[in-house]
Every structure is written in C-alpha cells, then in structure tokens.
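Reviewing the structure listed below.
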C-alpha cells in the first residue's frame, strides 16, 4: 500500500502539468488544429485519469495516512517552498509546450520520461517537490522541533497550509525525514 501511495503522491506532483497538456489538447481540438482521433482521445482520457489519480494520492497521503501523529513544538522554521517549486515548474513548461502528444512517438516519449522521473522521485523520497501542494496553499518548511516529552532537538521537513508559527505546538504526521504534514493545531 505504501508503494501505491508513493506512486499516487508522485502523480499528484504533475497534476498542474497534466492539466496544462489537457487544456492545450482540448483547445487544439476545438480550434480544428487537431482532429478528435483515437490517439487524441486516449491522450485526453489518460490525462484526466492521471489528474484524478493525483488528487486521490494527495487525499490518501494527507487525510488517510496511517503514520502516527507526533506532538511537536516548532523551535525554528524556514519556508523553502520557492527553492523546489520553480525548478519543477520548468519541467511543466518543457512537457506542456514542447511535446506534440498527437504524435505516437511524442506520446511514447512522454510516458517514458514520466516513468524515469517517477523512479528517481520515489527512489529518492523527493515527495516534498510537489507544486500542486503549493498551488493548494501549502508551504514547505524546514523546521527544528522538540517532540513533546523529549529534550532532543530534531530537524524535519513539513507541509503546512498557511504560515507556521514558532514556539507553538502542532500534531505532525511524519512520512519520512523529507516529508510530513501538519495534522492539526
């Protein structure tokens, strides 16, 4: 189940790109730049399915996570959302503007590149690189925290919707060292 959740979380990182490509495809079909043929129909269905699966992945990882919440006090925080968002956004531009998915060769290339990026993303736990979360209002923080009942300071990376406060207690679900969600205040 964890591998499936990781895969769906990876797909969620590309939802904005899938949306851009689907939008471009629909506009081209309506403007008669492309015909509504079998490949374009498969492309559109695939993109819509990937968008739906990406949102399911986010929901499962945020709301249906089996990770145990830890009560922590945030000692230091640094919002590092911008460090990862723009680098990943350039991939969106490359895919959305350069590939002609109406060609079988480009469609196959799109699938292969997506698989290669997915292998690296999941193997290296790069879950924190997720522009969709930023678009949905989440910020990505590097934090120093104390687990309630402990005297040992630890570091982590978390997503939080809004502005994270220092010296405040939060419940955090840690997926791994590179990825966590604030559960509740």
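Residue numbers (the numbering used here): 2 to 186.
All C-beta atoms, glycine included, are put in the ideal place defined by N, C-alpha and C.
Just so it is clear, the structure is predicted and the values come from calculations on it, not from any experiment.
Can you look up residue i in the DSSP assignment and give me helix, strand or coil?
i: residue 24; result: helix
i: residue 121; result: helix
i: residue 110; result: helix
i: residue 136; result: helix
i: residue 173; result: strand
i: residue 105; result: helix
i: residue 167; result: coil
i: residue 116; result: helix
Flag this pair as yes or no: are the beta carbons of residue i and residue j separated by less than 9 Å?
i: residue 48; j: residue 23; result: yes
i: residue 158; j: residue 141; result: yes
i: residue 182; j: residue 63; result: yes
i: residue 162; j: residue 137; result: yes
i: residue 108; j: residue 43; result: yes
i: residue 26; j: residue 35; result: yes
i: residue 70; j: residue 147; result: no
i: residue 122; j: residue 11; result: yes
i: residue 127; j: residue 57; result: no
i: residue 143; j: residue 79; result: yes
Among the candidates the options, whose CA atom is the shortest distance from the CA of residue i?
i: residue 81; options: 65, 165, 173; result: 165
i: residue 15; options: 75, 50, 29; result: 50
i: residue 61; options: 29, 7, 37; result: 7
i: residue 156; options: 3, 175, 117, 119; result: 175
i: residue 135; options: 111, 83, 38; result: 83
i: residue 170; options: 39, 3, 72; result: 72
i: residue 160; options: 18, 131, 4; result: 131
Over the uninterrupted alpha helix (DSSP H) stretch that includes residue i, give me the two end residues.
i: residue 130; result: Neither: residue 130 is in no alpha helix (DSSP H) and is coded neither H nor E.
i: residue 55; result: 39–64
i: residue 13; result: 3–14
Assuming residue i contacts residue j (C-beta within less than 8 Å), just tell me the rounded distance between them.
i: residue 67; j: residue 145; result: Their Cβ separation, rounded to whole angstroms, is 26 Å, which puts residue 67 and residue 145 out of contact at 8 Å.
i: residue 59; j: residue 13; result: 5 Å
i: residue 168; j: residue 74; result: 7 Å
Where do the N-terminal and C-terminal ends of the beta strand (DSSP E) with residue i fall, by residue?
i: residue 157; result: 154–162
i: residue 73; result: 70–80
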